[in-house]
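In what follows, a single structure is set out as C-alpha cells and then discussed.
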Amino acid sequence: MANLAMLLVLETYATNKVDVNGDMENEIMGVEQFESKVAMGRVDEPDVSGPIKNLPWSDDEQFFNAQDENNARILMAAYCAVLLDPLPGEEYNVRLAANSLSGTVVMPGEIFSQNQAIGPYTKGRGYRMGASYSGGNIIQTEGGGVCKIASTLYNGAILSNLEIVERHNHSMPVNYVPYGQDATVAYGAKDFKFKNNTDSPILIWARMVDHRLYIGFYGQETPPRIIWNHRVTDTVEAPIYYRTNSDLEQGQKKVIVKGIDGATVESTIDIEYEDGRVETKDLGISHYNPMPHVIEMKQRRN
Numbered sequence: 174m175a176n177l178a179m180l181l182v183l184e185t186y187a188t189n190k191v192d193v194n195g196d197m198e199n200e201i202m203g204v205e206q207f208e209s210k211v212a213m214g215r216v217d218e219p220d221v222s223g224p225i226k227n228l229p230w231s232d233d234e235q236f237f238n239a240q241d242e243n244n245a246r247i248l249m250a251a252y253c254a255v256l257l258d259p260l261p262g263e264e265y266n267v268r269l270a271a272n273s274l275s276g277t278v279v280m281p282g283e284i285f286s287q288n289q290a291i292g293p294y295t296k297g298r299g300y301r302m303g304a305s306y307s308g309g310n311i312i313q314t315e316g317g318g319v320c321k322i323a324s325t326l327y328n329g330a331i332l333s334n335l336e337i338v339e340r341h342n343h344s345m346p347v348n349y350v351p352y353g354q355d356a357t358v359a360y361g362a363k364d365f366k367f368k369n370n371t372d373s374p375i376l377i378w379a380r381m382v383d384h385r386l387y388i389g390f391y392g393q394e395t396p397p398r399i400i401w402n403h404r405v406t407d408t409v410e411a412p413i414y415y416r417t418n419s420d421l422e423q424g425q426k427k428v429i430v431k432g433i434d435g436a437t438v439e440s441t442i443d444i445e446y447e448d449g450r451v452e453t454k455d456l457g458i459s460h461y462n463p464m465p466h467v468i469e470m471k472q473r474r475n
C-alpha cells in the first residue's frame, strides 16, 4: 500500500495546481520580495538544518516594535530548517504558516499550541494541498507541510530550555532534521505544545526565505547550553519501489524519492548551566517506519 499511495500522490503533483485568492497571492509575493532583500549577505544560509544566529528580520520595524512591547530583546534560540526539494504546495503552506506564526507571544506559565495558534490548516484559511504522512503512506491533505513548522518549533523550544508538553514524531523519517528532532501535527488529533516556564513573555518570529525556514525565540534570559543526544537502537532498511517512465532511455534510472531507513531512537539532552552543573533530560523514544526509495526506469523489453 505504501508504494501505491506514494506513486499516486506524486502523479497528482505532476498535473495539479491549486489556485488561491489573488489577494493572498499578492501578499505572499510581497513577503518574497522583502525576503530577497534581507537575505543578501545578512542572514545565515546553512546547507543543513541547525541552530543559527543571523536572521532575516534584522531590519524589520514590526519585529523591533514587538520586541519593545514585550521587552523580549534577547535571542534565546533560533533554528533554521533546510527543506530539501519540497513538493508543490508544501513550500507555500510552510511560508503561509510561518507568516501566521510570526509575532506570537507566549506569556509566563502559558502553554503554546501550534494548532490553536495557526490552525486549522484549511483551504478557507489559504492553505493548499500538500504532502503528509499517514501511517506508511504519503497522501495529500489541506495544509500538508505544516509539520515543518512543528519540527522547527520543537528544536527552538528545546534549545530555549522550555518545557515540552506534547510532541509526536512522524510515522516515517523526514529529511530536514535528524532522527528524534522532528514533530508532527494533525489538527484535532496531534499537536505540538510547549510551556513558557520562564518569568517573562516569549516572542516567536518566523520567516521562510527560499527553501529555508527560520524561527527565533526571544525573551529576557539567555538559556543554558543544550546538547542533543540520540541513540539508534534498531534500524529497518528502506525498500525500493520502481515505476515505469517511457521517456527514459533503456537502462536509465531516475530517483523520485530518496528513501530513509526506519529506526527506533532514544533521545536525551544535556543542559549545561553556567555554574558547571549538567542536567540530563529524557525526551523519550521515537519509532520510524522506513521511507521507501521510489525510482523510475524504462520498462524492460521482453
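Take 174 as the starting number for the sequence shown in this note's numbering and just add one per residue.
Positions of the beta carbon are idealized from the N, C-alpha and C atoms, including for glycine.
With DSSP as the reference, identify every bridge partner of residue i, one or two as the case may be.
i: T453; result: D443
i: S307; result: N310
i: N243; result: None, per the DSSP bridge assignment.
i: F285; result: F367
i: D407; result: T437
i: N402; result: T441
i: M302; result: E315
i: A362; result: DSSP lists no partner for A362.
i: C253; result: G223, Y387
i: L248; result: Y391
What separation, rounded to the nearest whole angstrom, lies between the Cα atoms of residue i and residue j?
i: K296; j: G317; result: 11 Å
i: I291; j: S273; result: 6 Å
i: R340; j: I388; result: 17 Å
i: L335; j: P374; result: 12 Å
i: N244; j: D372; result: 12 Å
i: V451; j: Y265; result: 41 Å
i: V467; j: K427; result: 9 Å
i: N418; j: Q472; result: 7 Å
i: A411; j: D434; result: 5 Å
i: I312; j: K321; result: 16 Å
i: D443; j: T395; result: 16 Å
i: V221; j: N402; result: 18 Å
i: N238; j: Q354; result: 32 Å
i: I458; j: D420; result: 44 Å
i: R301; j: G449; result: 49 Å
i: R398; j: Y446; result: 7 Å
i: D192; j: G262; result: Caution applies to D192, whose pLDDT of 36 falls short of 50 and renders its modelled position unreliable; the value that the coordinates give is listed next. Taking the straight line joining both Cα atoms gives about 10 Å.
i: E469; j: R416; result: 5 Å
i: M464; j: M345; result: 6 Å
i: G282; j: L456; result: 21 Å
i: V267; j: T406; result: 32 Å
In three-state DSSP terms, what is residue i?
i: K431; result: coil
i: L386; result: strand
i: L376; result: strand
i: A356; result: coil
i: T325; result: helix
i: I225; result: coil
i: R340; result: coil
i: N462; result: coil
i: A330; result: helix
i: K422; result: Looking at the sequence shown, residue 422 is not Lys but Glu. Of the three classes helix, strand and coil, the one that applies to E422 here is coil, per DSSP.
i: E315; result: strand
i: D233; result: coil
Going by Cα to Cα distance, which pick from the options is closest to residue i?
i: W230; options: Y349, P281, L386, P351; result: L386
i: F390; options: E410, I331, T314; result: I331
i: N288; options: D407, A359, M381; result: A359
i: K226; options: A239, F237, A250, A245; result: A250
i: S307; options: Y300, V338, S324, N342; result: N342
i: L269; options: P261, P397, R298; result: R298
i: Y327; options: F365, N402, G309; result: F365
i: A356; options: I400, L248, Y461; result: Y461
i: I247; options: T417, S440, P346, Q393; result: Q393
i: V382; options: E234, D232, D233, C253; result: C253
i: W378; options: K454, Q423, P219, D233; result: D233
i: V430; options: D217, Q240, D258, F236; result: D258
i: N370; options: E422, A271, I337, A304; result: I337
i: G432; options: S275, E242, V255, N348; result: N348
i: V278; options: V409, D241, K363; result: D241
i: N477; options: T437, Q423, Y414; result: What the structure shows of the chain is the stretch from 174 to 475, and residue 477 is not part of that stretch, so it cannot be assessed.
i: T408; options: I400, Q425, A436; result: A436
i: V216; options: P293, S305, R380, M280; result: R380
i: S480; options: P351, F236, P293; result: Any property of residue 480 remains undetermined from this structure, which presents the chain solely from 174 to 475.
i: I400; options: L376, K454, H384, K368; result: K454
i: H384; options: F236, Q235, L260; result: L260
Output the boundary residues of the alpha helix (DSSP H) element that contains residue i.
i: Y294; result: No alpha helix (DSSP H) contains Y294, which DSSP labels as neither H nor E.
i: S273; result: 263 to 274
Counting along the chain, where does the beta strand (DSSP E) carrying residue i start and finish?
i: E469; result: 466 to 470
i: V278; result: 277 to 279
i: Y349; result: From DSSP, Y349 is part of no beta strand (DSSP E); its letter is neither H nor E.
i: R416; result: 413 to 417
Is the beta carbon of residue i within less than 6 Å of some heavy atom of the ligand GTP?
i: P293; result: Within the structure as shown, the ligand GTP is missing, as the structure has no ligands at all.
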